[in-house]
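Here the structure is laid out as structure tokens; the discussion comes afterwards.
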Amino acid sequence: LAIPWLQAELDAWLRRRNHNAPRRDKNKILPHGIPAIIHAKPHEYNSLDFKLPVPSELFDEVEAIYAPSEHPVFDLVLPTFEQRAQHLYASLRKPKVSSDSFWNVYLCISRCWRYSKWWKPAMT
């Protein structure tokens, strides 16, 4: 619930940051303007492009070696928990999650979980 919402918030922030010009800074030596345009057309800003092209296959190879997708570290929760949580979220008609609605959606799922026949209280 939180991770997809947080990722969407970060993506929106990144789009805003890269597609809007920052406030002018007279002490800045680097080019002024919209970062996405400066990145796409460095020659128009009298800037040099120091990018080193790296084939995407190399990234895929390194990822397969050092961060395989099936590694348990990428399982944020147990599969049975995820299935049940997704079922409960779907039963609420998948409400849109935002900074304003996150807590209410969480509480609804929590209540549904608590009152479902699948819930077993933790032993103390």
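Using UniProt numbering, read the sequence shown as starting at 1 and increasing by one per residue.
All C-beta atoms, glycine included, are put in the ideal place defined by N, C-alpha and C.
>> Need the endpoints of the alpha helix (DSSP H) that His39 sits in, please.
In response: It spans 35-40 - the alpha helix (DSSP H) in which His39 sits, taken as one unbroken run.
> Which stretch, first to last residue, makes up the alpha helix (DSSP H) that contains Ile109?
Replying inline: Bounds of the alpha helix (DSSP H) holding Ile109 are 102-115.
>> Looking at the secondary structure, which residues open and close the alpha helix (DSSP H) in which Glu57 lies?
In response: Per DSSP, Glu57 belongs to the alpha helix (DSSP H) from 56-66.
>> If contact is defined by three or more beta carbon pairs under 8 Å, each pair taking one atom from either stretch, is the segment 12-24 in contact with the segment 35-53?
In response: Touching, yes, given that three or more Cβ pairs across the two stretches are closer than 8 Å.
>> Relative to the C-alpha of Ala2, which candidate in Ser116, Cys108, Arg114, Val97 has its C-alpha closest?
In response: Taking only the C-alpha atoms, the option nearest Ala2 is Val97.
>> Here's a check: name, in chain order, each residue in its chain whose Cβ is nearer than 8 Å to the Cβ of Trp113, leaving out the five neighbours to either side.
In response: The beta carbon of Trp113 is closer than 8 Å to those of Arg84, Ala85, Leu88, Trp119 in its chain, skipping five residues each way along the sequence.
>> If you reduce the DSSP assignment to three classes, tell me which class Asn18 lands in.
In response: Three-state DSSP puts Asn18 in a helix.
> Roughly how many whole angstroms lie between the Cα atoms of Asn27 and Asp11?
Replying inline: One Cα belongs to Asn27, the other to Asp11, and the distance between them is close to 29 Å.
> Do you know whose CA, among Trp13, Leu48, Leu14, lies nearest Leu30's CA?
Replying inline: The shortest C-alpha separation from Leu30 is found at Leu48.
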